[in-house]
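Below: the structure, in structure tokens.
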Amino acid sequence: ILVWNPWPTISMLGRRACPSMPQCEFTKDRREVADANAVIFWFATIPHVYNSSWFPQSRPADQHWIMRTPDCPHFTRNHDWKSYGGVFNRTMTYRNDSDIYMPWGHITQLYEEIARKPDTLGRHYPKQKDKIVIWYVSNCYKHLTRFAYANELMKYIQVDVFGGCGADYCGLGPGGRDCFTNHLRQYKFYLAFENFKCVEYITEKFWLNGLKRDAVPVVLGAPRRDYERFAPPNSFIHVDDFKSPRALASYLLYLSKHDDKYMQYFAWKTNPPKNLPPYKGAWCEVCKKLVQ
1 ILVWNPWPTI SMLGRRACPS MPQCEFTKDR REVADANAVI FWFATIPHVY NSSWFPQSRP
61 ADQHWIMRTP DCPHFTRNHD WKSYGGVFNR TMTYRNDSDI YMPWGHITQL YEEIARKPDT
121 LGRHYPKQKD KIVIWYVSNC YKHLTRFAYA NELMKYIQVD VFGGCGADYC GLGPGGRDCF
181 TNHLRQYKFY LAFENFKCVE YITEKFWLNG LKRDAVPVVL GAPRRDYERF APPNSFIHVD
241 DFKSPRALAS YLLYLSKHDD KYMQYFAWKT NPPKNLPPYK GAWCEVCKKL VQ
């Protein structure tokens, strides 16, 4: 399986990226294209209009070409998709109806991680958090829906803004991640506001910044039903449940003063749902699709 135009986060892609399926081998070496059963193309850097010279110059009849994107349709709107008719025969996206399912996070992997590192969360936990709401945001386009909502919310509750649009920017790399984690540990709630409201578009803002860092995510983006389908039960607060930002602010202030109510949003950690769907990650999903 060849990754034609690698994205930054797979700089260390190993040949056995899916250990449970050793028959699958991965590579970023374009010289191996003729032997590849599948070629993965990262959407972000393909030409806006199909240009055959950018792609492999030969294509075996049984070779799968997979279009991979983690982003919502807003980011694909400027491409001439008619020119790409018949080019790709597989999709690899965050949508559950993709040929290859590649979500930003997965409930099964989340519970597996908890099992490896048993949770030590106790009733004292809220007392370690002396601040209420944090928003870490770096896409500063003010026309986005989330800014209007956040600005109204800030009229009724203190929201500390960090990132490229706020008071402090932690940067990239390990040091930046530690900085960000240290910020989050002080807060009870994290605004997991997506850039766009797209079906099933639930990114690292929810999975990593919220659930994995022990801040209750307050979500704006995909419909509530999508969070209910994919996330642990009662692990989030959805803005659609409130008639106004003011009503949401009142609820967050209430929870911040009642530890027992706040802690109910962490009960999911010790009560995994029965029959969790099997999921070993996107690389293994590619393997499964090719082996089927």
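Mapping of the sequence shown onto UniProt numbering: position 129 corresponds to residue 129, and the numbering continues sequentially without gaps. Every residue, glycine too, gets a C-beta built ideally from N, C-alpha and C. If you're wondering where the values come from, they're calculated on a predicted model, not measured in any experiment.
{"Item": "At 3 residues or longer, what runs of the beta strand (DSSP E) sit wholly inside the segment 155 to 207?", "Value": "159 to 162 and 187 to 193"}
{"Item": "Closest to residue 231 by C-alpha separation, out of 40, 207 and 190, would be which residue?", "Value": "207"}
{"Item": "Short of 7 Å in beta carbon distance, which residues of its chain neighbour residue 123, apart from the five on each side in sequence? Order them along the chain.", "Value": "The predicted position of residue 123 is uncertain, since its pLDDT is 47 and thus under 50; no value can be drawn from it."}
{"Item": "Are the CB atoms of residue 245 and residue 152 nearer to each other than 9 Å?", "Value": "yes"}
{"Item": "Using only alpha-carbon positions, find the residue among 290, 284, 288 and 280 that is nearest to residue 108.", "Value": "280"}
{"Item": "What are the residues that DSSP puts in a beta bridge with residue 27?", "Value": "2"}
{"Item": "Given a threshold of 16 other Cβ atoms within 10 Å of its Cβ, counted over all protein chains shown, does residue 182 qualify as buried or as exposed?", "Value": "exposed"}
{"Item": "Output the boundary residues of the beta strand (DSSP E) element that contains residue 66.", "Value": "64 to 68"}
{"Item": "Closer than 8 Å is the cut-off here; do at least three beta carbon pairs connect the segment 214 to 223 with the segment 91 to 106?", "Value": "no"}
{"Item": "Can you tell me which of the three DSSP states residue 77 falls into?", "Value": "coil"}
{"Item": "Are there three or more Cβ pairs, one per stretch, closer than 8 Å when the segment 80 to 89 is compared with the segment 186 to 203?", "Value": "no"}
{"Item": "Along the beta strand (DSSP E) that carries residue 131, what are the first and last residues, could you check?", "Value": "131 to 136"}
{"Item": "Measure the C-alpha to C-alpha separation of residue 148 and residue 247 and round it to an integer number of angstroms.", "Value": "15 Å"}
{"Item": "Using a Cβ-Cβ cut-off of 7 Å (strictly less than) and excluding sequence neighbours within five positions of residue 211, which residues of its own chain qualify?", "Value": "110, 217 and 235"}
{"Item": "In its own chain, which residues sit with a C-beta less than 6 Å from the C-beta of residue 106, not counting the 5 before and 5 after it?", "Value": "279"}
{"Item": "Counting only runs of 4+ residues fully inside the segment 199 to 260, write out the alpha helix (DSSP H) ranges in chain order.", "Value": "204 to 207, 224 to 230 and 245 to 257"}
{"Item": "One question on the structure: do residue 66 and residue 38 come within less than 9 Å of each other, judged by their Cβ atoms?", "Value": "yes"}
{"Item": "Classify residue 32: buried if its beta carbon has 16 or more other beta carbons within 10 angstroms, exposed otherwise.", "Value": "exposed"}
{"Item": "Consult DSSP for residue 104 and reduce its assignment to one of helix, strand or coil.", "Value": "coil"}
{"Item": "Verify whether the separation of the beta carbon atoms of residue 16 and residue 56 is less than 9 Å.", "Value": "no"}
{"Item": "Measure the alpha-carbon distance for residue 129 versus residue 70 and round it to whole angstroms.", "Value": "32 Å"}
{"Item": "Excluding the 5 residues preceding and the 5 following residue 249 in the sequence, name in chain order all residues of the same chain whose CB lies nearer than 7 Å to its CB.", "Value": "153, 156 and 157"}
{"Item": "Which first and last residues belong to the alpha helix (DSSP H) in which residue 283 is found?", "Value": "282 to 291"}
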